[in-house]
Amino acid sequence: MIARSFLHSIVGRCATLKSLEIREEDVNPDYEDAISEVVSSLPKLEVLNCGLLEYGAIAHLDQLESLRELSFTVSPKYSYQDLHHHFLFGRLSYLGLASADSLGIILPLLQYIPRLPPFFIFSALRSTVSEIRNVIAHIVRAGNGDIDDVNIDVQRGIPEWDDPPECLIFDDIQPLSRFKNIRTLILCTGQPFCLDDDDVKMLSSYWPKMDTFNISGTTGWGGVTRITFKGILSIVENCRYLRNLGIVFDARSRRGLASGRPGGGISSSLSILMVGDSLIDNPAEVAMILSDLFPNVETLQAWEDTTWGHDDDVVEEQREKWEEATKLLMMFTSIRRQERAWVQSTI
């Protein structure tokens, strides 16, 4: 009741409001009408971040010439069929669409957004492989050449396992190559990928200016990766500006690594590495290789948000080994930093 009264008070006191953010820990449909009433009464909004919106509020926002950044939760109870022959949000620079359930809930609304802004994020609590493919297909249809960021974020997409499991493959991602200016590619789908070293070598070659490349590096792939250190090498060779990398690989395989310096002495700007449910055997050796590949790495995340597809004993063992590798890697990074500082001081 207090929250509802406060929302209504905004209407009378802040009619010229330009920026509004309404945060909810959990999406609450009880406030959908109140939030929509507030939004519909603000004629000069430039930035809006809120929860569920009624159909009328969405139509109002589309008419605002001032609106540039918009994030809201898509309601599952609307079909948006009344929007036929109507195109939404053609003036935005940023769009965030969220679903409190499946990613597929945003698809009916997406068909009325024929032109995506340069920056966007689509998020949900779960997804299917089919939904991911449909969203990517829409991005390819509706995206212009000026797209910089592609971000699909599924927070806990536990798949219904088939035998074998259905995976996202190279052909599902490759159509995004039409966007040459991508600097951030985040496909945290909650679904397994079936990719190998050649696949990630080709994908990374499409976007040499990438700053962030994350293919379910937080949620994991359910133990189906065919990527090795060879694939990781090709990514950093193709993307010299990469700072954040999230990917799942088999850290037990040393195939493709040079003798002497394991990583070939590659200097990288990468500072954050997320490896999901990558399998590891020798923490010390893996830490040395990663230190050679990424001498400036500051954060390594592994096996934090993923357990699906693995037995409990495997999860416990792998977490312990990656924790050891992380400690060693941070120590190696500190030593390298001190060495560089010492060299600079003697010049």
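Sequential numbering from 1 applies to the sequence shown in the numbering used here. Idealized CB from N, CA, C, for every residue including glycine.
Asked                                                                                                                                                                         : Found
So which of 230, 298, 113 and 175 has the shortest CA-CA distance to residue 206?                                                                                             : 175
Note down the Cα distance separating residue 246 from residue 334, rounded to an integer number of angstroms.                                                                 : 22 Å
Write down the C-beta distance between residue 273 and residue 299 rounded to the nearest angstrom, noting that I regard them as a contact closer than 8 Å.                   : 7 Å
May I ask which residues mark the beginning and end of the beta strand (DSSP E) holding residue 80?                                                                           : From DSSP, residue 80 is part of no beta strand (DSSP E); its letter is neither H nor E.
Starting from residue 134 and walking both ways along the beta strand (DSSP E), at which residues does that stretch end?                                                      : Unbroken run through residue 134 is the alpha helix (DSSP H), 129 to 142; no beta strand (DSSP E).
Select from 22, 154, 325 and 194 the residue whose C-alpha is nearest the C-alpha of residue 171.                                                                             : 194
Short of 7 Å in beta carbon distance, which residues of its chain neighbour residue 166, apart from the five on each side in sequence? Order them along the chain.            : 129
Can you list, in chain order, the residues of its chain whose CB lies under 6 Å from that of residue 201, leaving out five sequence neighbours each side?                     : 234
Beta-carbon within less than 6 Å of residue 350's beta-carbon, same chain only, minus the 5 sequence neighbours each way: which residues are those?                           : There is no way to answer for residue 350, as the model of the chain reaches only from 1 to 347.
Identify which residue in 93, 105 and 112 has its Cα closest to the Cα of residue 81.                                                                                         : 112
Apart from the five residues on each side of it in sequence, which residues of its chain come closer than 8 Å, Cβ to Cβ, to residue 148?                                      : 118, 119, 181, 182, 183 and 184
Measure the alpha-carbon distance for residue 2 versus residue 20 and round it to whole angstroms.                                                                            : Summary for residue 2: the model assigns pLDDT 44, below 50, so the residue's position carries little reliability; its value from the coordinates is reported in the next sentence. Approximately 18 Å between the Cα atoms of the pair.
Which same chain residues, not among the five before or five after residue 332, have their C-beta less than 6 Å away from its C-beta?                                         : 291
Whose C-alpha, out of 67, 33, 116 and 53, is nearest the C-alpha of residue 45?                                                                                               : 67
Assuming residue 239 and residue 208 are in contact, meaning their beta carbons sit under 8 Å apart, how far apart are those beta carbons, in whole angstroms?                : 6 Å
When DSSP builds the beta bridges, which residues end up paired with residue 186?                                                                                             : 151 and 214
Shortest alpha-carbon distance to residue 192 belongs to which of 139, 36, 283 and 221?                                                                                       : 221
Using DSSP with H/G/I as helix, E/B as strand and the rest coil, what is residue 112?                                                                                         : coil
Could you give the C-beta distance for residue 230 and residue 283, rounded to a whole number, given that I count them as a contact under 8 Å?                                : Residue 230 to residue 283, Cβ: 20 Å. No contact.
At what residues does the alpha helix (DSSP H) containing residue 332 begin and finish?                                                                                       : 312 to 346
Can you list, in chain order, the residues of its chain with a C-beta nearer than 6 Å to that of residue 72? Leave out the 5 residues immediately preceding and following it. : 50 and 53
Taking C-alpha atoms, which residue in 297, 285, 324 and 89 lies nearest to residue 110?                                                                                      : 89
Taking the alpha helix (DSSP H) that residue 55 belongs to, which residues open and close that run?                                                                           : 55 to 63
I believe residue 61 touches residue 39 by the beta-carbon criterion, under 8 Å. Please report the beta-carbon distance rounded to the nearest angstrom.                      : 7 Å
Between 309, 336, 318 and 276, which has its C-alpha nearest residue 294's C-alpha?                                                                                           : 336
What first and last residue would you give for the alpha helix (DSSP H) that runs through residue 232?                                                                        : 229 to 238
When you compare only the Cα positions, how much space is there between residue 327 and residue 288?                                                                          : 11 Å
In three-state terms, what does DSSP make of residue 170?                                                                                                                     : helix
Would residue 339 be called buried (16 or more neighbouring beta carbons within 10 Å of its own) or exposed?                                                                  : exposed
Could you tell me if residue 137 is buried or exposed, where buried requires 16 or more neighbouring beta carbons within 10 angstroms of its beta carbon?                     : exposed
Let me check one thing: in DSSP terms, what residues is residue 194 bridge-paired to?                                                                                         : 169
Going by C-alpha distance, which of 65, 69, 74 and 63 is nearest residue 32?                                                                                                  : 74
Can you name the start and end residues of the alpha helix (DSSP H) that residue 38 belongs to?                                                                               : 32 to 40
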